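Engineer: Under my numbering, the letters of the sequence shown match residues 1 to 182, in that order.
Every residue, glycine too, gets a C-beta built ideally from N, C-alpha and C.
Keep in mind it's a predicted model, so treat the numbers as computed, not measured.
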Amino acid sequence: MRIDGTDGHKVAELAHLMPMQLITPEGFTLLNGGPKYRRAFLDWGCFHNEAGFFTAWSNLKRLVKQRNAALRQVSRYAQLRPWDLELIPLAEQISRWRAEYSAAIVEDMADTCQQFLPEFTLTFSFQRGWEKETDYAEVLERNFERDRMLTYTAHGPHKADFRIRADGAPVEDTLSRGSLSC
1 MRIDGTDGHK VAELAHLMPM QLITPEGFTL LNGGPKYRRA FLDWGCFHNE AGFFTAWSNL
61 KRLVKQRNAA LRQVSRYAQL RPWDLELIPL AEQISRWRAE YSAAIVEDMA DTCQQFLPEF
121 TLTFSFQRGW EKETDYAEVL ERNFERDRML TYTAHGPHKA DFRIRADGAP VEDTLSRGSL
181 SC
């Protein structure tokens, strides 16, 4: 890819030069496609608003993958702790960035949705992927045996969601695809 007359740039560099968030009628997956799509939506916004986001996000993905591989091999939490010591600060930072970004866009999203879906009261909330008032280090240690049995990390920013509710119920349960495509 060429940027400014030079070759060999990454897609992330191009994306950084062209910040945009596009929501089309086909983009209803943001509403009913599951948390993966809503996390990606938040991450795209964070990528354009926080200089260190891409590096932190890449490192987080790598560490979660390594932790999950380690869960298949370890028998005691102490053996897993080195991964958690690196994972915890990244998880907390990414969750902060996502929370800040979601708080910044909620009002605009509500106003836009109100224009297209005036019959519903829509609410938006960011869920970071683990209990609200609990320290992530505590969650990881407390859930070690469960994670080991599952062979994956069940809580964390990789499980976060940007929940959208219509009249108090999950939007995917309330609105039809026709309503979502307005």
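Could you give the C-beta distance for residue 158 and residue 143, rounded to a whole number, given that I count them as a contact under 8 Å?
Structural biologist: What you label residue 158 is simply residue 158 of the sequence shown in a count that begins at 1. What you label residue 143 is simply residue 143 of the sequence shown in a count that begins at 1. Their Cβ separation, rounded to whole angstroms, is 14 Å, which puts residue 158 and residue 143 out of contact at 8 Å.
Engineer: Which partner residues of residue 164 appear in the DSSP bridge assignment?
Structural biologist: Counted from its first residue, the sequence shown places residue 164 at position 164. Answer is 124.
Engineer: By a C-beta neighbour count over all protein chains shown, 10 Å radius and 16 as the cutoff for buried, is residue 85 buried or exposed?
Structural biologist: Position 85 of the sequence shown, counting from 1, holds the residue named residue 85. Exposed, since its Cβ has fewer than 16 Cβ neighbours within 10 Å.
Engineer: Looking at residue 125 and residue 165, is the spacing between their C-beta atoms short of 9 Å?
Structural biologist: Numbered from its first residue, the sequence shown carries residue 165 at position 165. Numbered from its first residue, the sequence shown carries residue 125 at position 125. Against a cut-off of 9 Å, the Cβ pair of residue 125 and residue 165 comes out as a contact.
Engineer: Which term fits residue 167, buried or exposed, when burial requires 16 or more other beta carbons within 10 angstroms of its beta carbon?
Structural biologist: Counted from its first residue, the sequence shown places residue 167 at position 167. Residue 167 comes out exposed.
Engineer: Can you tell me whether residue 160 is buried or exposed, with buried defined as 16 or more other CB within 10 angstroms of its CB?
Structural biologist: In the sequence shown, counting from the first residue as 1, residue 160 sits at position 160. Residue 160 is buried by the Cβ-count criterion.
Engineer: Do the CB positions of residue 56 and residue 87 come within less than 9 Å of each other?
Structural biologist: The sequence position of residue 56 within the sequence shown is 56, counting from 1. The sequence position of residue 87 within the sequence shown is 87, counting from 1. No; because the gap between Cβ atoms is not below 9 Å, this pair is not in contact.
Engineer: Identify whether residue 169 lies in helix, strand or coil by the three-state DSSP scheme.
Structural biologist: Residue mapping note: residue 169 aligns to position 169 of the sequence shown, counting from 1. Correct three-state label for residue 169: strand.
Engineer: Can you give me the C-alpha to C-alpha distance between residue 65 and residue 118, rounded to a whole angstrom?
Structural biologist: Along the sequence shown, read from residue 1 onward, the residue named residue 65 stands at position 65. Along the sequence shown, read from residue 1 onward, the residue named residue 118 stands at position 118. Cα to Cα, residue 65 sits roughly 43 Å from residue 118.
Engineer: Going by beta carbon distance, what residues of the same chain come within less than 7 Å of residue 131, once the five residues before and after it are set aside?
Structural biologist: Along the sequence shown, read from residue 1 onward, the residue named residue 131 stands at position 131. So the qualifying residues of the chain are 139.
Engineer: Considering only their Cβ atoms, is the gap separating residue 30 from residue 47 smaller than 9 Å?
Structural biologist: Position 47 of the sequence shown, counted from the start, is the residue given in the question as residue 47. Position 30 of the sequence shown, counted from the start, is the residue given in the question as residue 30. Taking 9 Å as the Cβ cut-off, residue 47 and residue 30 do not qualify as a contacting pair.
Engineer: Residue 116: buried (16+ other C-beta within 10 angstroms of its C-beta) or exposed?
Structural biologist: Numbered from 1 along the sequence shown, position 116 holds the residue referred to as residue 116. With fewer than 16 other Cβ atoms within 10 Å, it is exposed.
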